[in-house]
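Those protein sequence lines, which keep their order, are chains A and B.
Our numbering numbers the first residue of the first sequence as 9 and each following residue consecutively.
Our numbering numbers the first residue of the second sequence as 9 and each following residue consecutively.
All remarks here apply to the structure that follows.
There are 2 protein chains.
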Amino acid sequence: MSPAQRHPTLADVAERAGVSPSTVSRTLRGLSVSTKVRSRVEEAARELNFAISRQASSLVTGRTGVMAVLVPTLDSWFMGAALSSLGPLLRGAGMELTVYVVPDLAERAAFFERLPARRNADALLVFSFDLSEEETARLDDLGMPVIYISQHVEGRPSVYVDDVAGARKATRHLINLGHRRIAFAHTVNARGFTFSSRERLVGYQQALTEADIPLDHDLIVTTPPRDKRGTTQAVGNLLSLREPPTAIFAEQDELAASIVSTLRAVQIEVPQRISVLGFDDQLMAEWLDLSSVAQSPSDMGRAAAELALALINDPESDRGRHVVLPTHLIPRGSTAAPPASHREQERSN
Amino acid sequence: MSPAQRHPTLADVAERAGVSPSTVSRTLRGLSVSTKVRSRVEEAARELNFAISRQASSLVTGRTGVMAVLVPTLDSWFMGAALSSLGPLLRGAGMELTVYVVPDLAERAAFFERLPARRNADALLVFSFDLSEEETARLDDLGMPVIYISQHVEGRPSVYVDDVAGARKATRHLINLGHRRIAFAHTVNARGFTFSSRERLVGYQQALTEADIPLDHDLIVTTPPRDKRGTTQAVGNLLSLREPPTAIFAEQDELAASIVSTLRAVQIEVPQRISVLGFDDQLMAEWLDLSSVAQSPSDMGRAAAELALALINDPESDRGRHVVLPTHLIPRGSTAAPPASHREQERSN
DNA sequence: AGCAGGCGTGACAGCGCTGTCAAAATGGGT
DNA sequence: ACCCATTTTGACAGCGCTGTCACGCCTGCT
Chain A
9 MSPAQRHPTL ADVAERAGVS PSTVSRTLRG LSVSTKVRSR VEEAARELNF
59 AISRQASSLV TGRTGVMAVL VPTLDSWFMG AALSSLGPLL RGAGMELTVY
109 VVPDLAERAA FFERLPARRN ADALLVFSFD LSEEETARLD DLGMPVIYIS
159 QHVEGRPSVY VDDVAGARKA TRHLINLGHR RIAFAHTVNA RGFTFSSRER
209 LVGYQQALTE ADIPLDHDLI VTTPPRDKRG TTQAVGNLLS LREPPTAIFA
259 EQDELAASIV STLRAVQIEV PQRISVLGFD DQLMAEWLDL SSVAQSPSDM
309 GRAAAELALA LINDPESDRG RHVVLPTHLI PRGSTAAPPA SHREQERSN
Chain B
9 MSPAQRHPTL ADVAERAGVS PSTVSRTLRG LSVSTKVRSR VEEAARELNF
59 AISRQASSLV TGRTGVMAVL VPTLDSWFMG AALSSLGPLL RGAGMELTVY
109 VVPDLAERAA FFERLPARRN ADALLVFSFD LSEEETARLD DLGMPVIYIS
159 QHVEGRPSVY VDDVAGARKA TRHLINLGHR RIAFAHTVNA RGFTFSSRER
209 LVGYQQALTE ADIPLDHDLI VTTPPRDKRG TTQAVGNLLS LREPPTAIFA
259 EQDELAASIV STLRAVQIEV PQRISVLGFD DQLMAEWLDL SSVAQSPSDM
309 GRAAAELALA LINDPESDRG RHVVLPTHLI PRGSTAAPPA SHREQERSN
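In structure tokens:
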């Protein structure tokens, strides 16, 4: 009950079990001990409510038993799903998870300046950051495996989806429905476009080029993330074009959702007047009946953690190995053929 | 570059700076040293890329510099927002965040059996679990402050919103709009109803009682979380009543969203035919134009972390203190007056 | 009975840091 | 120039654990 009581140490267990500390250590680590001693030690440990001090053991083994992750935020579908999936894997490996949340540029600079993970983790998972050359280099000599998730970093182990292919599928779906004026809505933050964001734009462009649809830069609009006003402006820019789009491909579901809500607010029916397509296939895409491109953050998380564990055990194993995961188009009710007028126009084209 | 190189130690820094290890330690901890020595040490540390080993220092200080959190999942709006808000606070206190994700009953049993956080953290934040007496008792002698978030635990520091008041506001809003047949949709998981869930039901019942509307247990439906089929069944049960509800108050936004999508799928217009009201006011409530009751997980996270930090510094400070945060009704387009027929009926009642 | 071989166990040092205490350096007043 | 009060620095032990090594004991053999 008393909260300030001293935690029992391995020596306490040893005394109670009538053996040496070494033996307790061996028992707890699963090394060979006689069954008689093992049971005595285990009982003593249970009675004392003993939990080993990672600090002390890592001091001597050099292993911290910690997997560190660097994330821009946890307040996102992607991070949540990816990190949740790590749980069982890490527990299986007897590791704990420490999270560095680095939301803005100042915190980011501080993180790279101090590199607090150094010496305090066995591996680092870096999520969805667009790192500069210097930052990557800095992580290189962190002295532990570093895995990049949702970004492709040359020569370093990375796990990501094929954003280009996904965006191409999405765009082709719209083209196949008969659209030719297809907008691309881009998210931009203080650091500029993210890796995925740029890749998805490339996929969009590739699909248009394949279909001999000329690129129109007026159809590419940008907005800050989760910014209602920015979305409204971006949609406004599209609606005020001489020839407005009949479909909008948003680089993320959240942006797509925001666009749908903006369009509905001005009585533009989705998908009758304008089709909207997202990317991510978050849970809410289903509620919104939003067509989207699915990716699996939990698969990415697991793949990254497995890579990390492999590299911890054998630093030379697969350095620089990349894992590229697939995407899947999930057609739903927010995409349909363009209005008849446009279809005529296109056909006669 | 070489990943297996030995990390520099405090002694290395001392040698380079031409001082003793003690002095380096003092410098790095911000204790008083001459300005000349301070700059020499800091330069040496920078040159060697020195990062202190928490393991070693916590071994002697007894402080781990770690805030542990116990969460059922990270894949939820609430956890994401709450945990993200901890970042700056913890960094300010020089602490790291380690997360224990305990998704199911087996993992939960294992966590309480082994209590891995013991000795490896300075405080524990427990999120939205409904703990049994034994579990709470077990946490009591963890030897560190334990703060409960989004649940009210008798005699222990807890941070939560006033769910009863929030649900009452929500229900009154529907009553004020003219509804009298108001359903309550409840989420139930393997462990039964959550604390919040039960509290919200109480608020719903209180509001009905206040308005002299008789309770009808057929109007209270349950479904597992994030279960499309369960939601469909629950909605089906309501629609097949002799006197179906004109409004549904869902205990969570996600459930509300799912209900709206189920209703729309069968051409029942929201809010014209049935009003739907959620709880949480997640981001997506705005996209869906869903009326909801707002709570702030980031405020809760911050309040909890502050409490924890205070208790770490002075274990006797405010034990058992509770922080109750407010909720706010956010009326949007998913709630409206009931259809005229019902209104007549009610008026003449 | 005596001895090699093997397994199980204990003694001990040391991982990298901090807290204590004593020693050295500094500065101000006479 | 000297002394005392004060600040600044260094030596050293020890936090709780693990890895190494050596020792004791039990088997099974000659």
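Beta carbons are placed, not taken as given, at the ideal position from N, Cα and C, and that holds for glycine.
Note that the structure is predicted; figures quoted are calculated from it, not measured.
Cutting at 7 Å between CB atoms, please list the residues of its own chain near Leu337/B, excluding the five before and the five after it. Lys177, Ala178, His181, Val301
Against Ala89/B, what residues of chain A qualify as contacts under a CB-to-CB distance less than 7 Å, listed in chain order? Asp83
Curious, which full-length beta strand (DSSP E) runs of at least 3 residues does the stretch 296–347 of chain B contain? 300–302, 330–333, 336–338
Determine, using beta carbons only, whether Val107/A comes closer than 8 Å to chain B. yes
Quick one: complete alpha helix (DSSP H) runs, 4+ long, within the stretch 32–117 of chain B? 43–56, 62–69, 85–100
Determine the extent of the alpha helix (DSSP H) in which Ser269/A is found, giving its start and end residues. 261–273
With C-beta atoms as the reference, is Pro253/A less than 8 Å away from Val196/A? no
Would you say Ile276/A and Ile267/A are within 8 Å of each other, going by their C-beta atoms? no
Check the DSSP bridge columns for Phe257/B and list the partner residues they point to. Phe192/B, Leu285/B
Could you tell me whether the Cβ atoms of Val331/B and Leu315/B are closer together than 8 Å? yes
Asn128/B to Arg71/A span [Cα, whole Å]: 15 Å
Against chain B, with Cβ distances strictly below 8 Å, would Ser33/A count as a contact? no
Cβ neighbours of Thr230/B in the same chain (closer than 6 Å, five flanking residues each side left out): His194, Val196
Mind checking whether Pro305/B and Ala89/B have CB atoms under 8 Å apart? yes
Could you tell me whether any Cβ in chain A is nearer than 8 Å to the Cβ of Leu360/B? There is no way to answer for residue 360/B, as the model of chain B reaches only from 9 to 357.
Count the other CB atoms within 10 Å of the CB of Asn357/A; is the residue buried (16 or more) or exposed (fewer)? Residue placement at Asn357/A is poorly supported in this model, since its pLDDT is 42, which falls under 50; the coordinates still yield a value, given next. Exposed, by the Cβ-count rule.
Roughly how many angstroms lie between the CA atoms of Arg58/B and Gly73/B, to the nearest whole one? Rather than Arg, the amino acid found at residue 58/B in this sequence is Phe. Using only the alpha carbons, I get a separation of about 18 Å.
Assign Ile183/B to one of three DSSP states: helix, strand, or coil. helix
Considering only residues of the same chain and omitting the five flanking positions on each side of Gly26/B, which have a CB-CB separation below 8 Å? Arg48
Pro111/A versus chain B: which residues are under 9 Å apart at the beta carbon? Ser92, Gly95, Pro96
Among Arg37/A, Ser349/A, Thr35/A, Ser42/A, the one whose alpha carbon lies nearest that of Glu251/A: Ser349/A
Between Arg127/A and chain B, is the shortest Cβ-Cβ distance under 8 Å, so that the two count as touching? yes
Beta-carbon separation of Gly286/B and Gln260/B under 8 Å? yes
Please state whether the Cβ-Cβ distance between Ala264/B and Ala258/B is less than 8 Å. yes
Cβ-Cβ distance between Val107/B and Val154/B below 8 Å: no
Once DSSP output is grouped into helix, strand and coil, what is the label at Leu150/B? coil
Short check: CB of Pro165/B to CB of Arg329/B, under 8 Å? yes
In or out: His370/A buried (at least 16 other Cβ within 10 Å) or exposed? With chain A covering only 9 through 357, there is no way to say anything about residue 370/A.
Leu94/B: which of Arg206/A, Glu141/A, Asp83/A, Leu91/A sits nearest, CA to CA? Asp83/A
Please list the partners that Ser61/B has in chain A, where partner means a Cβ-to-Cβ separation under 8 Å. Leu67, Arg127, Asn128
Give me the Cα-Cα distance between Ala12/B and Leu67/B, rounded to the nearest whole angstrom. Residue placement at Ala12/B is poorly supported in this model, since its pLDDT is 43, which falls under 50; the coordinates still yield a value, given next. Going from the Cα of Ala12/B to the Cα of Leu67/B covers about 24 Å.
Status (buried if at least 16 other CB within 10 Å, exposed otherwise) for Thr335/A: buried
I'd like to know whether the C-beta atoms of Val41/A and Leu18/A end up nearer to each other than 8 Å. no
Taking Cβ positions only, does Arg37/A come closer than 8 Å to chain B? no
Which residues mark the beginning and the end of the alpha helix (DSSP H) in which Thr230/A is found? Run containing Thr230/A: none in the alpha helix (DSSP H); it sits in the beta strand (DSSP E), 228–231.
What are the boundary residues of the beta strand (DSSP E) that includes Val27/B? Careful: Val27/B lies outside any beta strand (DSSP E) and carries neither H nor E.
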